[in-house]
Amino acid sequence: MILLFEVLYQTGNWFRGPKCEKQNLSKNYLSSFIPAISFLSNVEEIRLISVDDTRHYLYTLGDKGTIEVYDLGADGLKLERKKSSSLLDIRREIRSTCGVEDEFLAGIIAINAIPSTRSQYVCLEAVTTKGMRIYFTVYPNLVPNYPIEQQDARASTLLKFMV
1 MILLFEVLYQ TGNWFRGPKC EKQNLSKNYL SSFIPAISFL SNVEEIRLIS
51 VDDTRHYLYT LGDKGTIEVY DLGADGLKLE RKKSSSLLDI RREIRSTCGV
101 EDEFLAGIIA INAIPSTRSQ YVCLEAVTTK GMRIYFTVYP NLVPNYPIEQ
151 QDARASTLLK FMV
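Under the UniProt record's numbering, the first residue of the sequence shown carries the number 1, and numbering increases by one thereafter.
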């Protein structure tokens, strides 16, 4: 589990000074009612954050290779976690479809959001330690026969598109 926080700054009024608050954006409803559950889960630190300003998606890469997708909404003002894929899940999917050897899937060291101006379907590029590039999409139908209207289509998954 990757924890994502937002720091909120508020200016003060005439009898109060400025205020700063830290908000956990990755907390789910269950862990807010039962705090002990969050201590039992495996917390992963964020290594990289990549933002797609054209689609309003935020991607995070954890230090253990987990990639998470957050939907910022059509207007870019809300945040909702959509999908999380561990390095083990990504390796399993690539092995089953492409037959790539495990040594090329040692670890993911970088992620780059791909804007909709460069590709309508491919949304994220991940680079492994061996230099292999893995491309992902967040749309459930890989290649539809119609163009995607970016303001209407929202993320629902994280699928390997091409290696």
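For every residue, glycine included, the Cβ atom is placed at its ideal position computed from N, Cα and C.
Source: prediction; values computed, not measured.
Proximity to V127 [Cα-Cα], best of R118, L58, L105, P115:
L105
So, with DSSP's three-state summary, where would you put C20?
Strand at C20.
For a minimum of 3 consecutive residues, which ranges assigned as the beta strand (DSSP E) are wholly contained in the segment 34-85?
46-52, 57-62, 67-71, 80-85
C-alpha gap between R91 and G62, whole angstroms:
15 Å
Residue burial classification, D71 (beta-carbon count within 10 angstroms, cutoff 16):
Taking all protein chains in view, the Cβ of D71 is crowded by 16 or more other Cβ atoms within 10 Å, so the residue is classified as buried.
Nearest-angstrom Cβ-Cβ length linking K130 and E93, presumed shorter than 8 Å:
About 17 Å separates the two Cβ atoms, so there is no contact after all.
Measuring alpha carbon to alpha carbon, tell me which residue in R133, Q120, T117 is nearest I111.
In this structure, R133 is the residue among R133, Q120, T117 with its C-alpha nearest to the C-alpha of I111.
So, is F136 buried or exposed, given that buried needs 16 or more other C-beta atoms within 10 angstroms?
buried
Comparing alpha-carbon positions, which option in D75, K64, P140, A113 lies nearest D89?
K64
Apart from the five residues on each side of it in sequence, which residues of its chain come closer than 8 Å, Cβ to Cβ, to P18?
Y9, Q10, T11, G12
Which residue's Cα is closest to the Cα of G73: S116, R81, R95?
R81
Between the Cα of A113 and those of S96, C98, R55, spot the shortest distance and give me the residue it belongs to.
If we check each option's Cα against that of A113, R55 comes out closest.
Roughly how many whole angstroms lie between the Cα atoms of E125 and K78?
24 Å
With a threshold of 6 Å on Cβ separation, who are the neighbours of L25 within its own chain once the five nearest residues in sequence on each side are excluded?
L4, E6, L79
Could you give the first and the last residue of the continuous beta strand (DSSP E) run that contains L87?
Where L87 is concerned, there is no enclosing beta strand (DSSP E), although the alpha helix (DSSP H) it sits in stretches over 87-98.
Hey, is E101 close to the ligand FAD, as in C-beta under 7 Å from one of its heavy atoms?
This structure lacks the ligand FAD, and indeed carries no ligand of any kind.
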